[in-house]
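Undergrad:
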């Protein structure tokens, strides 16, 4: 192994190996022995985040949804751009709207203090969605655990597989069906739009259409926050009545033709989903039960388990690639087992790095203020 390779690994200081838990099936008790405080630790992070900003509950539920719909529930949505990865974060459905990455990182950071290399980012996303729901009055459910994290992302699938705000009903139904989710699952999961906000450009055409599928007074009210031109990023609550409560009011809005997004209102447009919308609007318990069941089902979409995938022990994929079947694997293993070797090797390249093209003698200046040229 070359000295340059060892220096590279030492500077990045990736010291932990991926956990090699061998569970082929997801289970709610997956971490009972290896990290018994996992769920409590995650909940603490999510509670703090939602207490600071109620809107974050919607963002975390959406983040789990957008993860699962693109190559399965594998935390691929969290991967940053690298020379070998085109991040899903920059795909149109996520760019400028997907939020909560830092909250998941905070939870991961806390877990690494007590259970290093044990809890996957994919499981954190799943638990965070459940906790976010309960913190805004929504249903709870038992989260199955044991997912592992992907080492790849798919910007392409993020562009094609996520249903959009302008999609017609048949396309939405087809999109969910392709992931193994029924039409009823789709209508139940759409109830997550009982919370959260949407950007003006996503509903502008609808509120200025003067169509028969939108209440005129509702459209007029929404125009105040969304002018016909400009202000694309202006935010408006998806549900004006109970914007911070995950409840069945979303379906009542649809019956009154007050769905903010076109993809919401099409659920009540004379098609196969009308009866489900009516049922949920009249029976909050049925909605809560079906929403929980659909979230569990969504969390089962193509998880990585057993020996598939990894448990990311760091927050940046640029770190994790140091242990990905390449030339640096043996160095990572060496440093994880021999702290003195790491300390020694870290010192040498730091000195070497400090020698990169310095200005000396008559070259350069001595600044009197570091932030400005004399």
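Residue numbers (mature numbering (1 follows the signal peptide of the UniProt record, and there is no 0)): -24 to -1, 1 to 350.
Beta carbons: idealized from backbone N, C-alpha and C, even for Gly.
Predicted model only: the values in this text are computed from it and were never measured.
Assuming residue 241 is part of the alpha helix (DSSP H), what are its boundary residues?
TA: For this step, residue 241 is matched to residue 265 along the chain shown. Unbroken alpha helix (DSSP H) run through residue 241: 238 to 241.
Undergrad: With DSSP as the reference, label residue 15 as helix, strand or coil.
TA: The residue labelled residue 15 in the question sits at position 39 within the chain shown. In this structure, residue 15 counts as helix in the three-state DSSP scheme.
Undergrad: Taking the straight line between their C-alpha atoms, what separation do you get for residue 333 and residue 324?
TA: Translated into positions along the chain shown, residue 333 becomes position 357. Translated into positions along the chain shown, residue 324 becomes position 348. Cα-Cα distance, rounded: 17 Å.
Undergrad: So which of 26, 96, 201 has the shortest CA-CA distance to residue 7?
TA: If you number the chain shown from 1, residue 7 lands on position 31. Nearest of 26, 96, 201 to residue 7, Cα basis: 96.
Undergrad: Could you check what DSSP says for residue 353 in three-state terms: helix, strand or coil?
TA: Because the chain here runs from -24 to 350, residue 353 falls outside it and cannot be looked at.
Undergrad: Alpha carbon to alpha carbon, how far is residue -2 from residue 208?
TA: Position 23 of the chain shown, counting from 1, holds the residue named residue -2. Position 232 of the chain shown, counting from 1, holds the residue named residue 208. Only weak support exists for where residue -2 lies, its pLDDT of 37 falling under 50; the coordinates are left without a value.
Undergrad: When the Cα atoms are used, what is the spatial distance from residue 81 to residue 187?
TA: Residue 81 sits at position 105 when you count from the first residue of the chain shown. Residue 187 sits at position 211 when you count from the first residue of the chain shown. Rounded to whole angstroms, residue 81 to residue 187 spans 43 Å at the Cα level.
Undergrad: By Cβ distance, which residues of its chain are closer than 6 Å to residue 242, with the 5 residues on each side in sequence left out?
TA: Along the chain shown, one-based indexing puts residue 242 at 266. The answer, listed in chain order, is 145.
Undergrad: Who does residue 175 pair with in a DSSP beta bridge?
TA: Looking up residue 175 in the chain shown gives position 199. In DSSP, residue 175 forms a bridge with 211.
Undergrad: Out of 26, 245, 298, 122, state which residue places its alpha-carbon closest to the alpha-carbon of residue 278.
TA: Residue numbering aside, residue 278 sits at position 302 when the chain shown is read from its first letter. Comparing Cα-Cα distances from residue 278 to each of 26, 245, 298, 122, the minimum goes to 122.
Undergrad: For residue 121, name the three-state secondary structure that DSSP assigns.
TA: For this step, residue 121 is matched to residue 145 along the chain shown. Three-state result, residue 121: strand.
Undergrad: Just to confirm the assignment, what range does the alpha helix (DSSP H) spanning residue 313 have?
TA: By one-based count along the chain shown, residue 313 stands at place 337. Note, residue 313: alpha helix (DSSP H), 305 to 313.
Undergrad: What's the C-alpha gap between residue 42 and residue 257?
TA: Counting from 1 along the chain shown, the entry for residue 42 is found at position 66. Counting from 1 along the chain shown, the entry for residue 257 is found at position 281. The alpha-carbon atoms of residue 42 and residue 257 are separated by roughly 26 Å.
Undergrad: With a threshold of 8 Å on Cβ separation, who are the neighbours of residue 13 within its own chain once the five nearest residues in sequence on each side are excluded?
TA: Against the chain shown, residue 13 aligns to sequence position 37. Closer than 8 Å at Cβ, skipping near neighbours: 90, 91.
Undergrad: Any idea if residue 162 is buried or exposed, counting beta-carbon neighbours within 10 angstroms, 16 or more meaning buried?
TA: Against the chain shown, residue 162 aligns to sequence position 186. Its Cβ being crowded by 16 or more others within 10 Å, residue 162 is buried.
Undergrad: Within its chain, find whatever has a CB closer than 7 Å to the CB of residue 252; leave out the 5 residues flanking it on each side and keep chain order.
TA: Mapped onto the chain shown, residue 252 falls at position 276. Excluding residues within five positions, the ones whose Cβ falls inside 7 Å are 160, 163.
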